[in-house]
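If you're matching them up, the sequences are chains A and B in order. Per the working numbering, residue 316 is the first one in the first sequence, and the count goes up by one each step. Per the working numbering, residue -14 is the first one in the second sequence, and the count goes up by one each step.
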Amino acid sequence: MLPLSKLPIGQNAIITTIEVEESLFHRLSALGFRVGKPLSIIRQANFNGPLHVRLGTTDVILRITDATHIRVNSL
Amino acid sequence: MKRIALLGMPNTGKSTLFNRISGASARVGNWPGITVDLMSAKILIGGHIAELIDLPGIYDLHGFSDDEQVVRHFLSKNPVDLVIILLNSSQIDRQLSLVLQIKKLNIPAVLALNMADEAKRSGITIDTDNLEKALQMPVSQISAKHGDGLPKALEAATKIINQNQTPTDPKLISQYLQEDNQIEQEIESLIQRHVHIPATLTDNTTDKIDKVLLHKWFGLPLFFAAMYALFQFIFTVGKPLQDGLAWALNLLRTSLLEPIFSSSPAWLHGLMLDGVYNGLATVAAFVPIIVLFFLVMSIVEDSGYLSRAAFLMDALMARMGLDGRGFVMMLMGFGCNVPALMGTRVMRSRPMRLLTMLVIPLSLCSARLQVFIFIIAAIFTAHQAPIVLFALYVMSFLTMFLTAVLFQNQYKNAEPFILELPPYRFPTPRQIVLRGWQEVKHFLTRASKFIVIGVVLVWAMTNFPSNVAPASIDTFAGQIGLFFAPVLNPIGINSQLAIALIFGFVAKEIVIGALAVIYGLQGDALMAQMATQIDWVQAMSFMLFTLIYTPCLSTIATLRNESKSSAFMWLSIAWSLGLAWVISFVFYQGARALGF
Chain A
316 MLPLSKLPIG QNAIITTIEV EESLFHRLSA LGFRVGKPLS IIRQANFNGP
366 LHVRLGTTDV ILRITDATHI RVNSL
Chain B
-14 MKRIALLGMP NTGKSTLFNR ISGASARVGN WPGITVDLMS AKILIGGHIA
36 ELIDLPGIYD LHGFSDDEQV VRHFLSKNPV DLVIILLNSS QIDRQLSLVL
86 QIKKLNIPAV LALNMADEAK RSGITIDTDN LEKALQMPVS QISAKHGDGL
136 PKALEAATKI INQNQTPTDP KLISQYLQED NQIEQEIESL IQRHVHIPAT
186 LTDNTTDKID KVLLHKWFGL PLFFAAMYAL FQFIFTVGKP LQDGLAWALN
236 LLRTSLLEPI FSSSPAWLHG LMLDGVYNGL ATVAAFVPII VLFFLVMSIV
286 EDSGYLSRAA FLMDALMARM GLDGRGFVMM LMGFGCNVPA LMGTRVMRSR
336 PMRLLTMLVI PLSLCSARLQ VFIFIIAAIF TAHQAPIVLF ALYVMSFLTM
386 FLTAVLFQNQ YKNAEPFILE LPPYRFPTPR QIVLRGWQEV KHFLTRASKF
436 IVIGVVLVWA MTNFPSNVAP ASIDTFAGQI GLFFAPVLNP IGINSQLAIA
486 LIFGFVAKEI VIGALAVIYG LQGDALMAQM ATQIDWVQAM SFMLFTLIYT
536 PCLSTIATLR NESKSSAFMW LSIAWSLGLA WVISFVFYQG ARALGF
């Protein structure tokens, strides 16, 4: 199990835990971040910029600081 | 009158659907307890006149973002007869949550599945008939962009409206909204039974474009190149349009209005032509730029590139408490502050939007550039000129960053930075034109009164009392200049320049004209005269002050409308005046102390 921020680009993984405050949790789950869902990182912007993550049919960008609170199991 | 609300997640094409149903009749309405603009339009549906309201795009009825609160407020303050829920068919697996939340509230609803064509290309099939039965609400597939399937959806809406059920009870809704509910499992089972989603989507055009536009090293240069091209387009096409408009307005003045007022007393002539008519001309001058700006911005926004700009710029912008979309508006502010301020509406978090609006007026817009070019030509040599102008641009950026850094804790952004990257789409010409039209209408209705009154006020200050020469030291403006002499002398600004600054409050374009009136000279003669009266330190101090203090009345009017807060408008004025003075003071006294 590793934080999403450490997941190598292109590696498929499954979300295992999401430990964030409630407002962020709501937004994440509305965008498809739910425990058990598969995802992968498409790319990261330069200068330690945000991650471009693909979950099912949705592409999402989020910051590294937020990604550290999402833990995943790589497949 | 019946009331129909349009609801959906961001990027589902909600505004497109709204525009398609309402045409150009939409207007901005005021609603109890809500501080953002909601568009509404009167439409005829099943023999009833109904009011259609475009609610902000939200992810979750129970969420904490500004927009989510707006929607909750709206539903718990205003009775509605029907909600039209719009979903993006390709993302039905997660967007269905919103439908179930509305269903739990017992609000009569119809479900429209938008972008059916995109879903089809990706291999997603939706069994609408059975989904309709399972949800117990009408479901239809539509294309908001092209209008396919819309009649059927509206027919379903008409049926519900014609049933004349009692509208929702806001109090009850407010209670329901407080109860939490678990609907995740319900979504899973609905999706499993009625929707087929392939493991990998078959359409990968967006991926291919992203590989180039979001490339690790080419992404940013391409972004700046795109911004530069758009900027050039807006202002090279806009300039002749503005000039043409100015020419036409001047023609109207000399051939029609001047003769009409030629026999009237001087004060009435002045009030009507130099006051009211000039005010209207000031308002009109912004129309071509606003139209062009939003033509371009609606393409950037609707194509999905704006979210990509946020991705590319975020690493830098996050340090200032801003995001990449704010950066696009800041860049556009270098053309004209007014549309850039209006464009900040894409940022849905109010604190971040206010911070961006505080920063934009510090950008060196094209009107200020005209003043600087004139003064630099008058005071500096051809060798020095580019360095001076470059220094002013650097100063502009520095004040913007300083303001953002200083105020970022004041306007703390509570919204998480998690954005969807929608697939690339082409907006239709109809969408683009409607957007431009709506923005101009918005600017004209909200800002013109304020601007005209301001112009009349400055005209009065520079022309009264009536027995003295206009724009001279004996007018009210001159007296104000004298009154502030103890503050202005330490930054090297004499009373003539002070009067020019008061004129500059209306619009920077007229500062040179004002100097011409003040000195009673034109063009080269004015330049020569100024060169003998002020030295380069004074000129630089004057330019720094002009750069940083309040850009113009139109910007102030826009700040007030967009923030819906006079307090914020005053804060912006006070901050920019204060900052302008401090920087000019440090520069002027520093240069003098060094012996210049």
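Cβ atoms here follow ideal geometry from the backbone N, Cα and C, with glycine treated the same way.
Asked: What is the DSSP secondary structure of residue 39(B), counted as helix, strand or coil?; Found: strand
Asked: If we call anything under 7 Å between Cβ atoms a contact, is residue 528(B) one with residue 360(B)?; Found: yes
Asked: Indicate whether at least one CB of chain A lies closer than 7 Å to the CB of residue 74(B).; Found: no
Asked: DSSP three-state label for residue 405(B), please.; Found: strand
Asked: Taking the C-alpha atoms as reference points, what is the distance between residue 33(B) and residue 145(B)?; Found: 12 Å
Asked: Is there at least one Cβ from chain A nearer than 7 Å to residue 171(B)'s Cβ?; Found: no
Asked: Quick one: grab the DSSP three-state call for residue 71(B).; Found: strand
Asked: Roughly how far, in whole angstroms, is the beta-carbon of residue 370(A) from the beta-carbon of residue 390(A), given that I think they are within contact range, below 8 Å?; Found: Not quite, the Cβ-Cβ distance comes to about 14 Å (not below 8 Å), so this is no contact.
Asked: My parser needs the beta strand (DSSP E) runs of 3 or more residues fully inside the stretch 184 to 220 of chain B; what are they?; Found: none
Asked: Please confirm if residue 265(B) has its CB atom under 7 Å from at least one CB of chain A.; Found: no
Asked: Are residue 561(B) and residue 271(B) close, meaning C-beta to C-beta below 7 Å?; Found: no
Asked: What are the residues in the stretch 387 to 412 of chain B lying within 9 Å of chain A by C-beta distance?; Found: 399, 400, 401, 402, 403, 404, 405, 406, 407, 408
Asked: When we look at the beta-carbon of residue 161(B) and count the other beta-carbons within 10 Å, is it buried (16 or more) or exposed?; Found: buried
Asked: Strictly by DSSP, which residues pair up with residue 353(A)?; Found: 329(A)
Asked: With a 10 Å radius around its C-beta and 16 neighbouring C-beta atoms as the bar for buried, classify residue 367(A) as buried or exposed.; Found: buried
Asked: Which class does residue 447(B) belong to by DSSP, given the choice of helix, strand or coil?; Found: helix
Asked: Give me the chain B residues within the contact set of residue 308(A), using Cβ-Cβ distance strictly less than 8 Å, ordered along the chain.; Found: Chain A is shown from 316 up to 390; residue 308(A) falls before or after that span and cannot be answered.
Asked: Answer yes if the stretch 320 to 339 of chain A comes into contact with the stretch -13 to 3 of chain B, meaning at least three C-beta pairs across the two stretches below 8 Å, and no otherwise.; Found: no
Asked: Taking the alpha carbon of residue 110(B) as the point to measure from, which residue in 131(B), 90(B), 142(B), 76(B) has its own alpha carbon closest?; Found: 76(B)
Asked: Where in the stretch 321 to 360 of chain B do unbroken runs of the alpha helix (DSSP H), each at least 4 residues long, occur, reported from the N-terminal end onward?; Found: 322 to 328, 335 to 344
Asked: Strictly under 7 Å for the Cβ-Cβ distance: is residue 603(B) near chain A by that measure?; Found: Lying before the first or after the last residue shown, residue 603(B) is absent from chain B, which here runs from -14 to 581.
Asked: Cβ of residue 351(A) less than 7 Å from any chain B Cβ?; Found: no
Asked: Measure the C-alpha to C-alpha separation of residue 84(B) and residue 70(B) and round it to an integer number of angstroms.; Found: 7 Å
Asked: Are the C-beta atoms of residue 45(B) and some chain A residue less than 7 Å apart?; Found: yes
Asked: Going by DSSP in three states, residue 148(B) sits in which element: helix, strand or coil?; Found: coil
Asked: Just checking: is the beta-carbon of residue 338(A) within a distance shorter than 7 Å of some beta-carbon in chain B?; Found: yes
Asked: Among the residues of its own chain, which have a CB less than 8 Å from the CB of residue 165(B), if the five just before and after it don't count?; Found: Residue placement at residue 165(B) is flagged as unreliable, the pLDDT there being 49, under the threshold of 50; a coordinate-derived value is accordingly withheld.
Asked: By the 9 Å beta-carbon criterion, what residues does the stretch 79 to 95 of chain B contribute toward chain A?; Found: 79, 80, 82, 83
Asked: Out of 150(B), 335(B), 391(B), which has the shortest C-alpha to C-alpha gap to residue 398(B)?; Found: 335(B)
Asked: Residue 480(B) and residue 467(B) look like a contact to me (Cβ under 8 Å); what is the Cβ gap, rounded to whole Å?; Found: 6 Å
Asked: Which same chain residues, not among the five before or five after residue 425(B), have their C-beta less than 7 Å away from its C-beta?; Found: 272, 275, 276
Asked: What in chain B is Cβ-close to residue 358(A), meaning under 7 Å?; Found: 199
Asked: Per DSSP, residue 61(B) is paired with what?; Found: Paired residues: none, contrary to the question.
Asked: Per DSSP, which one or two residues make a beta bridge with residue 368(A)?; Found: 356(A), 375(A)
Asked: Can you tell me whether DSSP reads residue 389(A) as helix, strand or coil?; Found: strand
Asked: Mind reading off the beta-carbon distance from residue 406(B) to residue 289(B)? Whole number of angstroms is fine, and I expect it under 8 Å.; Found: 7 Å
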